[in-house]
Amino acid sequence: MELIARAAGAESLTAHLQRLGPMPALPSGALIAEVEASGLLGRGGAGFPVGRKWRAVAERAAGGAVVLANGAEGEPLSFKDRSLMTARPHLVIDGALLAARAVGASDIIFYVGAEHRTADAALRQALAERTGEVRGRTRIVAAQAGYVSGEESAAVHYVNAGDARPTSSPPRPFERGVGGRPTLVQNVESLALAALIARRGHAWYQGLGRGRARGIGLLTVSGAVNRAGVHEIELGATLSDAAAAAGGLRGDVRAVLLGGYFGGWADLHEQWGLPLDAPSMRARGLALGCGVVHFLPSDTCGVEATARFMTYLASQSARQCGPCVFGLSAIAGATQRLAAQSPQPGDLDRIVRWSGQLTGRGACHHPDGAAALMHSALQVFADDFAGHQRRRCLTISEPARVAVA
Amino acid sequence: MGEVLQIDRIRCDGHGLCAELVPELISLDDWGYPIIKPGNVPPSVVEHARRAVDACPVLALRLARTAALVAR
Chain C
5 MELIARAAGA ESLTAHLQRL GPMPALPSGA LIAEVEASGL LGRGGAGFPV GRKWRAVAER
65 AAGGAVVLAN GAEGEPLSFK DRSLMTARPH LVIDGALLAA RAVGASDIIF YVGAEHRTAD
125 AALRQALAER TGEVRGRTRI VAAQAGYVSG EESAAVHYVN AGDARPTSSP PRPFERGVGG
185 RPTLVQNVES LALAALIARR GHAWYQGLGR GRARGIGLLT VSGAVNRAGV HEIELGATLS
245 DAAAAAGGLR GDVRAVLLGG YFGGWADLHE QWGLPLDAPS MRARGLALGC GVVHFLPSDT
305 CGVEATARFM TYLASQSARQ CGPCVFGLSA IAGATQRLAA QSPQPGDLDR IVRWSGQLTG
365 RGACHHPDGA AALMHSALQV FADDFAGHQR RRCLTISEPA RVAVA
Chain Y
40 MGEVLQIDRI RCDGHGLCAE LVPELISLDD WGYPIIKPGN VPPSVVEHAR RAVDACPVLA
100 LRLARTAALV AR
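These protein sequence lines map, in sequence, to chains C and Y.
In our numbering, each number is its position in the first sequence, counted from 1, plus 4.
In our numbering, each number is its position in the second sequence, counted from 1, plus 39.
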């Protein structure tokens with residue numbers, strides 16, 4: 005296991021150096037070239053090529069850039085970033101230091117979810133083990149709880165002005181970020197993987213993975229499994245492998261949420277052999293996102309689960325852009341009515357129309373993510389939604405429903 | 040090379056003047072916020088689009104050259 009440890013507690017600097025050896029002395033250009041050649045894709049959710057992002061910042065920086073290591077992890081079903089920071093804080097710090105060297109950054113900010121206390125303590129302890137030079141150019145900023153806090157322009161806005169709401173773009177953070185300087189905002193798992201690639205070379209990373217996929221990654225597996233938790237996989241491992249890694253499924257599972265609240269539902273039987281890596285999933289209209297795999301328990305109605313998720317996403321709007329504020333809450337309200345089997349006439353049609361109008365209509369991608377989740381729900385749970393519009397749930401048996409009512 | 044209509048979604052308050060001035064390109068959702076037809080502004084309506092940009096009470100609308108767009 006490269007990113008998560010079997011032993012409890014954080015890895016010390018001594019153990020880290022014994023396991024991996026010292027940080028490589030590669031200069032900026034060689035570092036960027038290694039990471040580019042590895043094909044490493046970002047693990048915060050968008051899956052953008054890490055090397056290309058580093059190059060974009062390096063070209064603008066002229067030595068004055070900032071690295072913002074993003075461990076906000078506001079996604080409710082994701083635990084991999086806090087697990088990584090807790091288990092291997094020095095690997096994350098190495099990644100941030102190497103990224104800083106690559107892009108020409110003097111300052112490093114670790115942006116850690118305020119509620120991730122164990123991860124925060126592990127990072128603080130790890131930084132205390134580092135040299136004064138490293139400590140002098142790094143700081144930890146507690147990210148506000150909330151889904152949007154980790155969005156990159158929101159993260160920069162919070163560090164600059166104490167306001168964790170996304171900003172209009174352009175400029176993007178890589179152009180003008182923390183303190184107006186070019187800023188690399190990079191997820192902590194991406195940084196940890198870059199630290200391994202810098203030590204072992206791109207060929208090592210390219211040698212991992214199944215099928216056509218390359219590399220390794222972290223998943224957070226939850227729902228109807230025997231052992232929910234964070235699991236490291238070779239990319240290209242299948243959905244069935246993910247279920248097996250989590251101790252197998254519990255009950256007759258029909259659907260799985262992939263990529264988190266910004267991802268989408270998939271039919272489990274259709275996708276049981278799905279390779280878990282960003283390009284394969286994109287080709288099937290799915291997303292690896294931040295690596296969330298949530299198996300829907302067989303006794304949970306898909307409409308009800310979707311209503312819960314949409315209600316959460318509506319509540320997490322930064323409330324800046326009209327289409328997001330009004331659209332999400334209207335969709336959440338109609339989905340709740342459907343879930344409760346007390347819809348208004350035409351609720352389902354309105355949900356279809358409203359969710360079709362959201363994409364690209366916010367300053368950040370919050371409405372886009374919510375729309376993607378809704379679209380997938382309407383496909384995977386098409387019969388269930390149609391049933392609920394007729395006040396009939398297909399999941400809970402009729403007598404049970406009457407008894408509850 | 041052409042021009043596209045862009046909206047600063049944070050500024051936009053849904054006044055809706057733009058949809059009246061360029062209905063060819065802009066419609067409104069159920070809450071009065073603009074939905075812009077994708078693609079370049081056709082030359083035949085560029086003048087209308089420019090008028091809509093000028094009329095926006097919160098300066099949320101602009102015409103941008105497509106070459107200057109940042110991919111996102």
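Note that beta-carbon positions come from the ideal geometry of N, C-alpha and C, so glycine has one too.
Collapsing the DSSP output to three states places ALA259 (chain C) in a strand. The segment 153-163 of chain C and the segment 184-195 of chain C touch, with no fewer than 3 CB-CB distances between them shorter than 8 angstroms.
Along the segment 148-205 of chain C, the alpha helix (DSSP H) occurs as fully enclosed runs of 4 or more residues at 156-165, 192-204, listed in sequence order. Neighbours of ALA367 (chain C) across chain Y, judged by C-beta separation under 9 angstroms: ASP47, ARG48, ILE49. If you check each beta-carbon in the segment 64-84 of chain Y against every beta-carbon of chain C, the ones closer than 9 angstroms belong to ASP68, ASP69, TRP70, GLY71, TYR72, PRO73, ILE74, ILE75, PRO77. Between the beta-carbon of MET314 (chain C) and that of ALA336 (chain C) there is about 4 angstroms, and that keeps the pair under the 8 angstroms contact cut. Between the alpha carbons of ARG204 (chain C) and LEU398 (chain C) lies a gap of roughly 52 angstroms. Annotation for PHE389 (chain C): the continuous alpha helix (DSSP H) segment containing it runs 386-393. The three-state reading of DSSP puts PRO62 (chain Y) in coil, since its state is none of H, G, I, E or B. The segment 298-313 of chain C makes contact with the segment 373-389 of chain C, as at least three CB pairs between them are under 8 angstroms. Contact between SER172 (chain C) and ASP47 (chain Y) holds, with the beta-carbon distance rounding to 5 angstroms and staying under 8 angstroms. Within its own chain, the residues whose Cβ lies closer than 8 angstroms to the Cβ of GLY150 (chain C), once the five positions on either side in sequence are excluded, are GLY78, ALA168, GLN320, listed in chain order. Pairing VAL61 (chain C) with GLU179 (chain C), the inter-Cα distance amounts to about 7 angstroms. Against chain Y, the CB of SER319 (chain C) has no partner CB under 8 angstroms away; the residue lies outside that interface. For TYR115 (chain C), the secondary structure class from DSSP, reduced to helix, strand or coil, is strand. Under DSSP, ASP353 (chain C) shares a beta bridge with no residue. Contact with chain C is found for GLY53 (chain Y), since one of that chain's Cβ atoms lies less than 8 angstroms from the residue's Cβ. Rounded to the nearest whole angstrom, the C-alpha separation of ILE8 (chain C) and HIS392 (chain C) is 42 angstroms. Remark: C-beta atoms of CYS294 (chain C) and GLY263 (chain C) approach each other more closely than 8 angstroms. Rounded to whole angstroms, the Cβ separation of GLY221 (chain C) and ARG47 (chain C) is 6 angstroms, and the two are in contact under 8 angstroms.
DSSP, reduced to helix, strand and coil, places ALA109 (chain C) within a strand of the structure shown. For the 8 angstroms CB-CB criterion, ILE112 (chain C) and ALA73 (chain C) form a contact.
For LEU332 (chain C), the uninterrupted alpha helix (DSSP H) run begins and ends at 326-343, by DSSP.
When only Cα atoms are considered, ARG365 (chain C) and ALA109 (chain C) end up about 33 angstroms apart. By the C-beta criterion, the segment 130-149 of chain C is judged not to be in contact with the segment 350-366 of chain C, since fewer than 3 inter-stretch pairs fall below 8 angstroms. C-alpha of GLY360 (chain C) to C-alpha of GLU63 (chain Y): approximately 19 angstroms in a straight line. In this structure, the beta-carbon distance from ALA259 (chain C) to ASP271 (chain C) falls below 8 angstroms.
Residue burial annotation: MET5 (chain C) is exposed, with fewer than 16 other C-beta atoms found within 10 angstroms of its C-beta. Distances from the alpha-carbon of VAL329 (chain C) to those of Y:GLY71, Y:ASP93, Y:CYS95 put Y:GLY71 closest.
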